[in-house]
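Engineer: Questions regarding the structure given below will be posed in turn.
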Amino acid sequence: MKYKIIIIILTTFLTINLVACRTANQSAESSELKDSTRSNESVELKETTDSSKSVKKDTEVPALAESATLVAMKGPTAIGLAQYTSEKITESINQNLSYEILTMPDQVATGLIKGEIDLACIPANLAATVYNKSEGKIQVAAINVLNVLHFATNNVELNSLNDLEGKSVYATGKGSTPEVILNNLLAKAGLNIGTNITINYLPEATEVAAKLQAEEGAIALLQEPFLSSVTMKNSQIKTQLDLEQLWQEYFGENSKIVTGVLVIRKEFVEQNSLWFDKFLEDYKSSAEWVNQNPTEAAKIIEEQGIIGAAIAEKAISNIGISLITDQELQDTLAPYLEILATNNPELIGEKLPADDFYYKNN
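Take any residue in the sequence shown, note its place counting from 1, add 2, and you have its number in my numbering.
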(Lines of atoms letter the chains of each structure in order from A; the text may use other names.)
(Lines give C-alpha, C1' and ligand atoms only; values in the text may rest on other atoms or scores of the structure.)
Protein backbone atom coordinates (compact mmCIF):
# COMPACT_ATOMS: atom_id res chain seq x y z
CA MET A 3 0.00 0.00 0.00
CA LYS A 4 2.81 2.27 0.90
CA TYR A 5 4.51 1.60 -2.45
CA LYS A 6 1.27 2.28 -4.35
CA ILE A 7 0.99 5.70 -2.76
CA ILE A 8 4.58 6.55 -3.72
CA ILE A 9 3.99 5.44 -7.33
CA ILE A 10 0.82 7.55 -7.58
CA ILE A 11 2.66 10.61 -6.24
CA LEU A 12 5.55 10.15 -8.72
CA THR A 13 3.16 9.63 -11.61
CA THR A 14 1.25 12.78 -10.75
CA PHE A 15 4.49 14.77 -10.46
CA LEU A 16 5.74 13.57 -13.84
CA THR A 17 2.41 14.35 -15.47
CA ILE A 18 2.45 17.89 -14.10
CA ASN A 19 6.01 18.40 -15.40
CA LEU A 20 5.13 17.07 -18.83
CA VAL A 21 2.12 19.34 -19.08
CA ALA A 22 4.17 22.31 -17.90
CA CYS A 23 6.92 21.60 -20.44
CA ARG A 24 4.42 21.18 -23.23
CA THR A 25 2.73 24.44 -22.27
CA ALA A 26 6.08 26.18 -22.13
CA ASN A 27 7.06 24.80 -25.53
CA GLN A 28 3.73 25.84 -27.00
CA SER A 29 4.14 29.28 -25.47
CA ALA A 30 7.65 29.54 -26.89
CA GLU A 31 6.49 28.32 -30.28
CA SER A 32 3.62 30.79 -30.17
CA SER A 33 6.00 33.56 -29.22
CA GLU A 34 8.41 32.61 -32.00
CA LEU A 35 5.56 32.41 -34.48
CA LYS A 36 4.29 35.79 -33.35
CA ASP A 37 7.77 37.30 -33.62
CA SER A 38 8.24 35.66 -37.00
CA THR A 39 4.91 37.03 -38.18
CA ARG A 40 5.83 40.48 -36.96
CA SER A 41 9.19 40.19 -38.68
CA ASN A 42 7.59 39.07 -41.92
CA GLU A 43 5.01 41.83 -41.67
CA SER A 44 7.83 44.31 -41.09
CA VAL A 45 9.73 43.06 -44.14
CA GLU A 46 6.59 43.12 -46.28
CA LEU A 47 5.71 46.61 -45.05
CA LYS A 48 9.23 47.82 -45.76
CA GLU A 49 9.16 46.30 -49.23
CA THR A 50 5.75 47.85 -49.88
CA THR A 51 7.00 51.22 -48.67
CA ASP A 52 10.13 50.96 -50.81
CA SER A 53 7.99 49.97 -53.77
CA SER A 54 5.76 52.99 -53.21
CA LYS A 55 8.80 55.21 -53.08
CA SER A 56 9.99 53.71 -56.35
CA VAL A 57 6.65 54.31 -58.03
CA LYS A 58 6.55 57.85 -56.70
CA LYS A 59 10.04 58.49 -58.00
CA ASP A 60 9.10 57.17 -61.42
CA THR A 61 6.04 59.42 -61.43
CA GLU A 62 8.15 62.44 -60.57
CA VAL A 63 10.70 61.64 -63.26
CA PRO A 64 8.80 59.68 -65.93
CA ALA A 65 10.66 57.52 -68.40
CA LEU A 66 9.87 56.82 -72.02
CA ALA A 67 7.71 53.77 -72.62
CA GLU A 68 9.99 52.78 -75.51
CA SER A 69 12.62 54.26 -77.80
CA ALA A 70 11.71 57.56 -79.48
CA THR A 71 13.17 59.87 -82.12
CA LEU A 72 13.44 63.66 -81.88
CA VAL A 73 14.53 65.61 -84.95
CA ALA A 74 14.98 69.28 -85.82
CA MET A 75 15.44 71.03 -89.12
CA LYS A 76 18.93 72.47 -89.49
CA GLY A 77 18.70 76.18 -88.71
CA PRO A 78 16.66 78.32 -86.30
CA THR A 79 14.23 75.54 -85.30
CA ALA A 80 17.09 73.55 -83.74
CA ILE A 81 18.67 76.40 -81.77
CA GLY A 82 16.31 76.47 -78.77
CA LEU A 83 17.08 72.80 -78.11
CA ALA A 84 20.81 73.43 -77.71
CA GLN A 85 21.04 73.04 -73.94
CA TYR A 86 18.51 70.21 -73.75
CA THR A 87 20.17 68.10 -76.41
CA SER A 88 23.64 68.65 -74.93
CA GLU A 89 22.66 67.82 -71.34
CA LYS A 90 19.17 66.46 -70.65
CA ILE A 91 19.20 63.93 -73.45
CA THR A 92 22.00 62.03 -71.67
CA GLU A 93 20.00 61.56 -68.44
CA SER A 94 18.68 58.10 -67.57
CA ILE A 95 15.04 59.03 -68.25
CA ASN A 96 15.98 60.02 -71.79
CA GLN A 97 18.36 57.21 -72.71
CA ASN A 98 15.75 55.87 -75.13
CA LEU A 99 15.58 59.22 -76.93
CA SER A 100 17.65 59.75 -80.07
CA TYR A 101 18.24 63.18 -81.61
CA GLU A 102 19.04 64.08 -85.19
CA ILE A 103 19.32 67.30 -87.18
CA LEU A 104 17.98 66.98 -90.74
CA THR A 105 18.08 69.29 -93.75
CA MET A 106 15.24 68.06 -95.98
CA PRO A 107 11.63 68.95 -95.01
CA ASP A 108 10.25 66.05 -97.05
CA GLN A 109 12.35 63.60 -95.06
CA VAL A 110 10.90 64.88 -91.79
CA ALA A 111 7.34 64.91 -93.13
CA THR A 112 7.62 61.32 -94.37
CA GLY A 113 9.14 60.18 -91.07
CA LEU A 114 6.27 61.70 -89.09
CA ILE A 115 3.59 60.20 -91.34
CA LYS A 116 5.19 56.73 -91.22
CA GLY A 117 5.68 56.87 -87.46
CA GLU A 118 9.47 56.79 -87.71
CA ILE A 119 9.80 60.23 -86.08
CA ASP A 120 7.98 60.99 -82.82
CA LEU A 121 8.85 64.64 -82.17
CA ALA A 122 10.04 67.23 -84.67
CA CYS A 123 10.93 70.92 -84.82
CA ILE A 124 9.77 72.10 -88.25
CA PRO A 125 8.37 75.14 -90.11
CA ALA A 126 4.86 76.12 -89.00
CA ASN A 127 3.28 75.69 -92.42
CA LEU A 128 4.85 72.24 -92.83
CA ALA A 129 3.22 71.18 -89.56
CA ALA A 130 -0.21 72.02 -90.96
CA THR A 131 0.61 70.19 -94.19
CA VAL A 132 1.72 67.02 -92.38
CA TYR A 133 -1.41 67.14 -90.21
CA ASN A 134 -3.59 67.21 -93.32
CA LYS A 135 -1.61 64.55 -95.19
CA SER A 136 -1.55 62.20 -92.19
CA GLU A 137 -5.27 62.70 -91.55
CA GLY A 138 -4.66 64.19 -88.12
CA LYS A 139 -1.99 61.84 -86.79
CA ILE A 140 0.19 64.67 -85.51
CA GLN A 141 -0.34 67.65 -83.23
CA VAL A 142 1.48 70.93 -82.77
CA ALA A 143 2.65 71.24 -79.17
CA ALA A 144 4.53 74.54 -79.14
CA ILE A 145 5.77 77.50 -81.11
CA ASN A 146 9.56 77.45 -80.84
CA VAL A 147 10.61 80.19 -83.29
CA LEU A 148 8.87 83.48 -84.03
CA ASN A 149 10.05 85.95 -86.68
CA VAL A 150 13.42 85.47 -88.41
CA LEU A 151 12.87 87.87 -91.35
CA HIS A 152 14.36 91.36 -91.36
CA PHE A 153 14.78 94.24 -93.77
CA ALA A 154 18.46 95.10 -94.20
CA THR A 155 20.15 97.77 -96.24
CA ASN A 156 23.63 98.64 -97.46
CA ASN A 157 24.14 102.28 -96.50
CA VAL A 158 20.44 103.18 -96.84
CA GLU A 159 18.12 104.45 -94.11
CA LEU A 160 14.53 103.21 -93.82
CA ASN A 161 12.12 104.84 -91.38
CA SER A 162 8.94 103.16 -92.58
CA LEU A 163 7.66 100.81 -95.26
CA ASN A 164 6.67 103.85 -97.31
CA ASP A 165 10.38 104.55 -97.79
CA LEU A 166 10.42 101.48 -100.05
CA GLU A 167 8.30 103.24 -102.67
CA GLY A 168 10.10 103.32 -105.99
CA LYS A 169 12.79 100.96 -104.72
CA SER A 170 13.89 97.41 -105.59
CA VAL A 171 14.12 94.78 -102.86
CA TYR A 172 16.05 91.52 -103.00
CA ALA A 173 14.30 88.56 -101.39
CA THR A 174 14.08 84.79 -101.39
CA GLY A 175 11.21 82.39 -100.78
CA LYS A 176 8.96 83.08 -103.76
CA GLY A 177 5.90 80.85 -103.51
CA SER A 178 6.60 80.27 -99.83
CA THR A 179 5.90 81.95 -96.50
CA PRO A 180 8.36 84.88 -96.91
CA GLU A 181 6.47 85.99 -100.02
CA VAL A 182 3.15 85.89 -98.18
CA ILE A 183 4.57 87.89 -95.28
CA LEU A 184 6.14 90.49 -97.57
CA ASN A 185 3.08 90.84 -99.81
CA ASN A 186 0.77 91.38 -96.86
CA LEU A 187 3.00 93.98 -95.24
CA LEU A 188 3.44 95.91 -98.48
CA ALA A 189 -0.29 95.81 -99.22
CA LYS A 190 -1.09 97.20 -95.77
CA ALA A 191 1.37 100.04 -96.46
CA GLY A 192 -0.30 100.80 -99.79
CA LEU A 193 2.58 99.53 -101.94
CA ASN A 194 1.79 97.58 -105.11
CA ILE A 195 4.40 95.16 -106.41
CA GLY A 196 5.23 95.93 -110.02
CA THR A 197 3.76 99.41 -109.77
CA ASN A 198 5.59 101.38 -107.12
CA ILE A 199 7.96 98.73 -105.76
CA THR A 200 9.97 95.91 -107.36
CA ILE A 201 10.77 92.59 -105.67
CA ASN A 202 13.71 90.66 -107.12
CA TYR A 203 13.39 87.06 -105.95
CA LEU A 204 16.55 84.95 -105.90
CA PRO A 205 16.64 81.17 -105.42
CA GLU A 206 18.82 81.11 -102.29
CA ALA A 207 19.29 83.28 -99.22
CA THR A 208 23.05 83.16 -99.81
CA GLU A 209 22.51 84.92 -103.15
CA VAL A 210 20.45 87.65 -101.47
CA ALA A 211 23.19 88.08 -98.87
CA ALA A 212 25.82 88.36 -101.62
CA LYS A 213 23.83 91.07 -103.43
CA LEU A 214 23.33 92.98 -100.20
CA GLN A 215 27.02 92.85 -99.39
CA ALA A 216 28.25 93.80 -102.86
CA GLU A 217 25.84 96.59 -103.83
CA GLU A 218 25.85 99.90 -101.98
CA GLY A 219 22.28 101.12 -101.71
CA ALA A 220 20.90 97.56 -101.85
CA ILE A 221 17.78 96.67 -99.87
CA ALA A 222 16.89 93.10 -98.94
CA LEU A 223 14.44 91.02 -96.95
CA LEU A 224 16.73 88.41 -95.43
CA GLN A 225 16.31 85.78 -92.75
CA GLU A 226 18.60 84.86 -89.91
CA PRO A 227 21.25 83.49 -89.64
CA PHE A 228 22.17 84.74 -93.15
CA LEU A 229 21.63 88.33 -92.04
CA SER A 230 24.11 88.05 -89.16
CA SER A 231 26.62 86.40 -91.45
CA VAL A 232 26.59 89.30 -93.94
CA THR A 233 26.53 92.08 -91.32
CA MET A 234 29.71 90.61 -89.82
CA LYS A 235 31.40 91.04 -93.21
CA ASN A 236 30.19 94.56 -94.02
CA SER A 237 29.70 97.19 -91.32
CA GLN A 238 27.55 99.34 -93.65
CA ILE A 239 24.80 96.71 -93.66
CA LYS A 240 22.18 97.49 -91.03
CA THR A 241 18.90 95.96 -89.95
CA GLN A 242 16.01 98.30 -90.73
CA LEU A 243 12.47 98.45 -89.33
CA ASP A 244 10.94 95.86 -87.00
CA LEU A 245 8.84 93.34 -88.88
CA GLU A 246 7.27 91.92 -85.72
CA GLN A 247 6.17 95.40 -84.69
CA LEU A 248 4.85 96.17 -88.17
CA TRP A 249 2.95 92.87 -88.25
CA GLN A 250 1.26 93.66 -84.95
CA GLU A 251 0.48 97.19 -86.12
CA TYR A 252 -1.30 95.89 -89.21
CA PHE A 253 -2.81 92.60 -87.98
CA GLY A 254 -3.44 93.16 -84.28
CA GLU A 255 -1.53 93.53 -81.04
CA ASN A 256 -1.41 89.78 -80.37
CA SER A 257 -0.51 88.79 -83.94
CA LYS A 258 2.87 87.21 -84.55
CA ILE A 259 4.89 85.86 -87.44
CA VAL A 260 5.44 82.18 -86.66
CA THR A 261 8.46 80.46 -88.18
CA GLY A 262 8.90 77.17 -86.33
CA VAL A 263 6.92 74.77 -84.18
CA LEU A 264 7.30 71.53 -82.26
CA VAL A 265 5.05 68.70 -83.46
CA ILE A 266 4.36 65.27 -81.96
CA ARG A 267 2.71 62.07 -83.07
CA LYS A 268 -0.62 61.66 -81.26
CA GLU A 269 -0.03 57.98 -80.55
CA PHE A 270 3.37 58.75 -79.03
CA VAL A 271 2.13 61.46 -76.68
CA GLU A 272 -0.81 59.30 -75.56
CA GLN A 273 1.66 56.62 -74.44
CA ASN A 274 4.17 59.07 -72.93
CA SER A 275 2.09 61.98 -71.64
CA LEU A 276 3.96 62.39 -68.31
CA TRP A 277 7.34 62.22 -70.00
CA PHE A 278 6.24 64.72 -72.62
CA ASP A 279 4.99 67.21 -70.02
CA LYS A 280 8.44 67.07 -68.42
CA PHE A 281 10.05 67.42 -71.85
CA LEU A 282 8.13 70.64 -72.48
CA GLU A 283 9.34 72.03 -69.15
CA ASP A 284 12.94 71.16 -70.00
CA TYR A 285 12.59 72.53 -73.53
CA LYS A 286 11.30 75.85 -72.19
CA SER A 287 14.23 76.05 -69.77
CA SER A 288 16.60 75.28 -72.64
CA ALA A 289 15.12 78.03 -74.84
CA GLU A 290 15.37 80.55 -72.01
CA TRP A 291 18.96 79.52 -71.33
CA VAL A 292 19.90 79.98 -75.00
CA ASN A 293 18.43 83.50 -75.03
CA GLN A 294 20.21 84.42 -71.80
CA ASN A 295 23.54 82.78 -72.61
CA PRO A 296 24.21 83.34 -76.34
CA THR A 297 27.99 82.88 -76.07
CA GLU A 298 27.77 79.48 -74.35
CA ALA A 299 24.83 78.43 -76.52
CA ALA A 300 26.70 79.36 -79.69
CA LYS A 301 29.45 76.88 -78.84
CA ILE A 302 26.94 74.04 -78.59
CA ILE A 303 25.21 75.17 -81.78
CA GLU A 304 28.51 75.00 -83.65
CA GLU A 305 29.36 71.59 -82.14
CA GLN A 306 26.03 70.27 -83.40
CA GLY A 307 26.81 71.48 -86.92
CA ILE A 308 23.94 73.96 -87.15
CA ILE A 309 25.88 77.20 -87.80
CA GLY A 310 29.21 78.68 -86.74
CA ALA A 311 29.55 79.97 -83.19
CA ALA A 312 30.29 83.59 -84.11
CA ILE A 313 27.25 83.83 -86.39
CA ALA A 314 25.03 81.99 -83.90
CA GLU A 315 25.97 84.31 -81.04
CA LYS A 316 25.07 87.36 -83.12
CA ALA A 317 21.88 85.84 -84.57
CA ILE A 318 20.26 84.46 -81.41
CA SER A 319 18.68 87.77 -80.38
CA ASN A 320 17.07 88.14 -83.85
CA ILE A 321 15.63 84.64 -84.15
CA GLY A 322 12.69 84.88 -81.76
CA ILE A 323 13.48 81.71 -79.82
CA SER A 324 10.56 80.87 -77.55
CA LEU A 325 8.28 78.10 -76.34
CA ILE A 326 4.61 79.05 -76.53
CA THR A 327 2.16 76.32 -75.50
CA ASP A 328 -1.47 75.55 -74.61
CA GLN A 329 -4.16 78.12 -75.46
CA GLU A 330 -1.65 80.84 -76.29
CA LEU A 331 -0.22 78.50 -78.91
CA GLN A 332 -3.56 78.23 -80.72
CA ASP A 333 -4.36 81.92 -80.27
CA THR A 334 -1.03 82.81 -81.90
CA LEU A 335 -0.67 80.17 -84.61
CA ALA A 336 -4.24 79.88 -85.89
CA PRO A 337 -4.53 83.49 -87.19
CA TYR A 338 -1.13 83.19 -88.87
CA LEU A 339 -2.17 79.98 -90.64
CA GLU A 340 -5.38 81.71 -91.74
CA ILE A 341 -3.32 84.38 -93.49
CA LEU A 342 -1.26 81.69 -95.24
CA ALA A 343 -4.42 79.83 -96.25
CA THR A 344 -6.00 82.97 -97.69
CA ASN A 345 -2.94 83.81 -99.77
CA ASN A 346 -1.65 80.36 -100.75
CA PRO A 347 -3.58 77.30 -99.48
CA GLU A 348 -0.92 74.93 -100.82
CA LEU A 349 1.45 76.16 -98.10
CA ILE A 350 -0.64 74.46 -95.40
CA GLY A 351 -1.89 71.39 -97.26
CA GLU A 352 -4.93 73.08 -98.86
CA LYS A 353 -7.01 73.54 -95.69
CA LEU A 354 -6.79 74.84 -92.15
CA PRO A 355 -6.22 72.19 -89.46
CA ALA A 356 -9.06 71.32 -87.08
CA ASP A 357 -8.96 72.17 -83.37
CA ASP A 358 -7.44 68.80 -82.47
CA PHE A 359 -4.29 69.95 -84.30
CA TYR A 360 -3.41 71.93 -81.16
CA TYR A 361 -2.04 69.89 -78.25
CA LYS A 362 -3.19 71.02 -74.82
CA ASN A 363 -1.68 69.86 -71.54
CA ASN A 364 -4.69 68.66 -69.54
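Glycine included, C-beta positions come from ideal geometry on N, C-alpha and C.
1) Relative to the alpha-carbon of residue 75, which residue among 69, 115, 66, 128 has its alpha-carbon at the smallest distance?
2) Taking the C-alpha atoms as reference points, what is the distance between residue 259 and residue 273?
3) For the alpha helix (DSSP H) that residue 184 lies in, which residues bound it at each end?
4) Got a sec, what are the start and stop residues for the alpha helix (DSSP H) residue 301 sits in?
5) Let's test the definition: count the other Cβ atoms within 10 Å of the Cβ of residue 141 and tell me whether it reaches 16, buried, or not, exposed.
6) Grab me the residues of residue 121's own chain with a C-beta within less than 6 Å of its C-beta, minus the 5 sequence neighbours each way, in chain order.
7) If you draw a straight line from the alpha carbon of residue 236 to that of residue 230, how long is it in whole angstroms?
8) With a 10 Å radius around its C-beta and 16 neighbouring C-beta atoms as the bar for buried, classify residue 256 as buried or exposed.
9) With residue 209 as the anchor, note down where its alpha helix (DSSP H) starts and where it stops.
10) For the pair the region 356 to 364 and the region 170 to 180, tell me if three or more CB-CB distances fall below 8 Å.
11) Leaving aside the five residues before and after residue 68 along the sequence, list all residues of the same chain whose C-beta is less than 7 Å from its C-beta, in chain order.
12) So, helix, strand or coil for residue 64, using DSSP?
13) Please go through the same chain and pick out, in chain order, the residues whose beta-carbon is closer than 8 Å to the beta-carbon of residue 38, but skip the five residues on each side of it.
14) Determine which residues share a DSSP beta bridge with residue 203 and list them.
15) Cα-Cα, which of 351, 347, 82 is closest to residue 320?
16) According to DSSP, simplified to helix, strand and coil, what is residue 141?
17) Using the beta-carbon count (16 or more within 10 Å), is residue 288 buried or exposed?
18) With a Cβ-Cβ cutoff of 8 Å, do residue 335 and residue 350 count as a contact?
19) How far does the beta strand (DSSP E) with residue 70 in it extend, from its first residue to its last?
20) If you run the structure through DSSP and keep just helix, strand and coil, what is residue 361?
21) For residue 183, I'd like the list of residues in its chain whose CB is within less than 7 Å of its CB, leaving aside the five on either flank, ordered along the chain.
22) Run through DSSP, which three-state label would residue 78 get?
23) Please state if the CB of residue 242 and the CB of residue 173 are separated by a distance shorter than 8 Å.
24) Report back the beta-carbon spacing between residue 64 and residue 280 to the nearest angstrom; my notes put them in contact at under 8 Å.
25) Give every residue of the same chain whose Cβ lies closer than 8 Å to the Cβ of residue 324, excluding the five residues on either side of it in the sequence, and list them in chain order.
26) How many angstroms separate the CA atom of residue 341 from the CA atom of residue 316?
27) Which residues mark the beginning and the end of the beta strand (DSSP E) in which residue 221 is found?
28) Around the Cβ of residue 225, are there at least 16 other Cβ atoms within 10 angstroms (buried) or fewer (exposed)?
29) How long is the line joining the alpha carbons of residue 298 and residue 88, rounded to whole angstroms?
30) Since residue 103 contacts residue 80 with CB under 8 Å, what's their CB separation in whole angstroms?
31) Classify residue 189: buried if its beta carbon has 16 or more other beta carbons within 10 angstroms, exposed otherwise.
32) Buried or exposed for residue 96, please, with buried defined as at least 16 other CB atoms from any protein chain shown within 10 angstroms of its CB.
33) Report, in whole angstroms, the separation of the C-beta atoms of residue 169 and residue 199, which I expect to be a contact under 8 Å.
34) Considering only residues of the same chain and omitting the five flanking positions on each side of residue 84, which have a CB-CB separation below 6 Å?
35) Answer yes or no: do residue 308 and residue 77 have a C-beta to C-beta separation smaller than 8 Å?
36) So for residue 246, helix, strand or coil by DSSP?
Structural biologist: In brief:
1) 128
2) 32 Å
3) 179 to 190
4) 296 to 305
5) buried
6) 72, 266
7) 10 Å
8) exposed
9) 207 to 216
10) no
11) 98
12) coil
13) Confidence at residue 38 is low in this model, with a pLDDT of 38, below 50, so its placement is unreliable and no value can be given for it.
14) 173
15) 82
16) strand
17) buried
18) no
19) 70 to 75
20) coil
21) 151, 259
22) helix
23) no
24) 6 Å
25) 82, 145, 146, 147, 148, 289
26) 30 Å
27) 221 to 225
28) buried
29) 12 Å
30) 5 Å
31) exposed
32) buried
33) 6 Å
34) 292, 299, 302, 303
35) yes
36) helix
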